[in-house]
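For the sequence shown, the working numbering assigns the number 178 to the last residue and increments by one with no breaks. What follows is one structure encoded as structure tokens, with my remarks underneath.
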Amino acid sequence: MQTIDFRLHHIVRYCGLERGNAFAVSFEETFHKIKGIEKLLQLNPRFYGWCYFGKIHSMYLYSDYDYEEWLEIQNLRMVMESEDKEYRVTLFFRDVTSFYLAQSAGISGFEIECSDDHAFGDRRNFHVYDFEEGDIRFYCREIEIEEVVNREMIKKKEEGALAYHGD
Numbered sequence: 012m013q014t015i016d017f018r019l020h021h022i023v024r025y026c027g028l029e030r031g032n033a034f035a036v037s038f039e040e041t042f043h044k045i046k047g048i049e050k051l052l053q054l055n056p057r058f059y060g061w062c063y064f065g066k067i068h069s070m071y072l073y074s075d076y077d078y079e080e081w082l083e084i085q086n087l088r089m090v091m092e093s094e095d096k097e098y099r100v101t102l103f104f105r106d107v108t109s110f111y112l113a114q115s116a117g118i119s120g121f122e123i124e125c126s127d128d129h130a131f132g133d134r135r136n137f138h139v140y141d142f143e144e145g146d147i148r149f150y151c152r153e154i155e156i157e158e159v160v161n162r163e164m165i166k167k168k169e170e171g172a173l174a175y176h177g178d
């Protein structure tokens, strides 16, 4: 019973469902460290949390060189889509460590935690994971929202791509 209570509290807390509660923290306040968060909030001011995006549309993990730190790092670009296909977001995760991915395209409880604990240095500012099934988890130094589009914008982009290729 305690596990169910914890999960329910976790969903309520991190999906922003306790808006009327005095302890509620707005999505923007919680994730102020994410670059470009305003893009998401401008398109959908009532956005309630990362669990809204349940489908991984595409993912690209690649090596890069950090010239400031003089070391090779892993970056991840991930495009996620809402279950109702109303919104699509492109996220860029810089300096990814401890990456794990199960063979799944659906994420039942996608979550991003901001961390102020720098026991591992500044390379673990964010913990990204699936709190339901554990299908994905990793840490990263920074996150940027590169693009947020709604259904109408997605349709226009796809039509433009088809027209460009002559289809």
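Every residue gets a Cβ at the ideal spot worked out from N, C-alpha and C, and that includes glycine.
Residue i in three-state terms, based on DSSP
i, result
"Ile67", "strand"
"Arg134", "helix"
"Gln114", "coil"
"Arg162", "helix"
"Lys167", "helix"
"Lys46", "strand"
Residue from the options with nearest C-alpha to residue i
i, options, result
"Leu87", "Glu153, His138, Tyr73, Phe58", "Tyr73"
"Asp106", "Glu79, Ile48, Gln85, Met164", "Gln85"
Cβ distance (whole Å) where residue i is taken to contact residue j below 8 Å
i, j, result
"Arg162", "Glu97", "5 Å"
"His138", "Ser126", "6 Å"
"Ile45", "Ile154", "5 Å"
"Ser109", "Phe142", "About 16 Å; that fails the 8 Å criterion."
Assigned exposure category for residue i - 16 Cβ within 10 Å defines buried
i, result
"Leu7", "For the chain, the structure presents residues 12 to 178; residue 7 sits outside this window and is missing."
"Tyr111", "exposed"
"Glu122", "buried"
Nonlocal neighbours in the same chain, by C-beta distance under 7 Å from residue i, ignoring five residues either side
i, result
"His205", "In the structure as shown, the chain starts at 12 and stops at 178, and residue 205 therefore has no counterpart that could be examined."
Chain-order list of residues whose beta-carbon lies under 6 Å from that of residue i (same chain, five-residue window excluded)
i, result
"Phe104", "Leu87, Cys151, Ile154"
"Thr101", "Val90, Glu157, Glu158"
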